[in-house]
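Residue numbers (the working numbering): 2 to 309.
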């Protein structure tokens, strides 16, 4: 009975999708590029130092959804045009936007997003994300960078919570992510003083992983992206999700989450290919598919699990 139910669930899940990929959207304020498995999103408002207005935010949200839901895209790079990565919110546009919202907008937005840059809230992506920080990275731009997994910046990059001077707080993850990256003391200094730091200082305190010449920034980001793409993606995404979901949990709970995700990975046929290739002393042939569960989960195997 249980085996039959399990088989029916597998068959049902093959055709069960929650999303529609929108590839036809015409973007006005951002540019997107697919280079093999690498998806690059570029904020393209250089005349205002790539600050983000509500329209741009919606475009970024749609772009991130495309990346999240497209099985052919494995790693994303977020960057900006010309001399700025992103200098935060377009305060003129957002001031007008907020005044036009209903009373329940703040609570609804806090829970459902989309967050700033379409990424900081209400968007769970367990594929790797690289921020290629090509210049000025202030306020909300810093919050977008902190939402990435790896941060690589150009030598002319600068960082800071410069919104401090306008009485605008960090509403999209800055107070929660910055201290996890650089430590509480340094985070509090940057947040409370509005201090601006350069690329060298950002590297010294661990805010960025690497500093490269400006002309080599995107090339280096794609090198890192392709390295990640060279691995089977099931374990890459599992480990990222385990890290994210483990934040703030006691170690016992975090390890339990990690172990549950590990056993979920067992449902991926590529889980068996890696150890088999190691055993047979051959190159592994990964498919990066998770739908063909019946190919590896035979009724006999399920019975053995249930018996044990």
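Here a beta-carbon is modelled for each residue, glycine too, at the ideal position from N, C-alpha and C. The model shown is predicted, which means the values in this text are computed figures rather than measured ones.
Host beta strand (DSSP E) of residue i (start-end)
| i | result |
| --- | --- |
| residue 73 | Residue 73 -> no beta strand (DSSP E), and no H or E assigned at all. |
| residue 85 | 85–87 |
| residue 145 | Per DSSP, residue 145 belongs to no beta strand (DSSP E); it is in the alpha helix (DSSP H), 141–147. |
| residue 32 | 31–36 |
| residue 211 | 211–213 |
Sub-8 Å separation of residue i and residue j beta-carbons
| i | j | result |
| --- | --- | --- |
| residue 130 | residue 218 | no |
| residue 166 | residue 195 | yes |
| residue 247 | residue 269 | no |
| residue 51 | residue 32 | no |
| residue 271 | residue 233 | yes |
| residue 223 | residue 36 | yes |
| residue 88 | residue 140 | yes |
| residue 250 | residue 258 | yes |
| residue 318 | residue 122 | Absent from the model: residue 318. The displayed extent of the chain is 2 to 309, so no value can be given. |
Residue i - containing alpha helix (DSSP H), residue span
| i | result |
| --- | --- |
| residue 161 | Where residue 161 is concerned, there is no enclosing alpha helix (DSSP H), although the beta strand (DSSP E) it sits in stretches over 159–161. |
| residue 43 | Residue 43 -> not in any alpha helix (DSSP H); beta strand (DSSP E) instead, spanning 39–44. |
| residue 190 | 185–194 |
| residue 281 | 271–281 |
| residue 205 | 200–205 |
Spatial neighbours of residue i in its chain, beta-carbon cut-off 6 Å, leaving aside the 5 residues before and after
| i | result |
| --- | --- |
| residue 127 | 238, 241 and 242 |
| residue 54 | 91 and 94 |
| residue 65 | 119, 120 and 124 |
| residue 68 | 40, 74 and 77 |
| residue 62 | 115 and 119 |
| residue 349 | A question about residue 349 goes unanswered here, because the residues of the chain that appear run from 2 up to 309. |
| residue 47 | 82 and 83 |
| residue 175 | 144 |
| residue 132 | 79, 146, 149 and 152 |
| residue 191 | 162 |
| residue 171 | none |
| residue 169 | none |
| residue 155 | 135, 215 and 218 |
Sequence-distant residues of its chain with Cβ nearer than 8 Å to residue i (five each side left out)
| i | result |
| --- | --- |
| residue 158 | 86, 134, 135, 136, 137, 138, 199, 200, 203, 209 and 212 |
| residue 59 | 115 and 119 |
| residue 229 | 75, 76, 129 and 237 |
| residue 309 | Interpretation of residue 309 is limited by its pLDDT of 44, a score under 50 that renders its predicted location unreliable; no figure is taken from the coordinates. |
| residue 252 | none |
Other residues of its chain near residue i: CB distance less than 7 Å, five sequence neighbours each side excluded
| i | result |
| --- | --- |
| residue 274 | 285, 286 and 287 |
| residue 207 | 182 and 183 |
| residue 226 | 39, 76, 78 and 131 |
| residue 263 | 239 |
| residue 266 | 235, 236, 239 and 272 |
Opposing strand residues paired with residue i [DSSP bridges]
| i | result |
| --- | --- |
| residue 134 | 154 |
| residue 81 | 44 |
| residue 384 | In the structure as shown, the chain begins at 2 and stops at 309. Residue 384 is therefore absent and cannot be evaluated. |
| residue 90 | 53 |
(request) Could I get the ranges of all uninterrupted alpha helix (DSSP H) runs contained in the stretch 216–267, with 4 residues as the minimum, in chain order? (result) Taking 4 residues as the shortest admissible run, the stretch 216–267 contains the following complete alpha helix (DSSP H) segments, listed from N- to C-terminal end: 218–230, 234–247 and 252–266.
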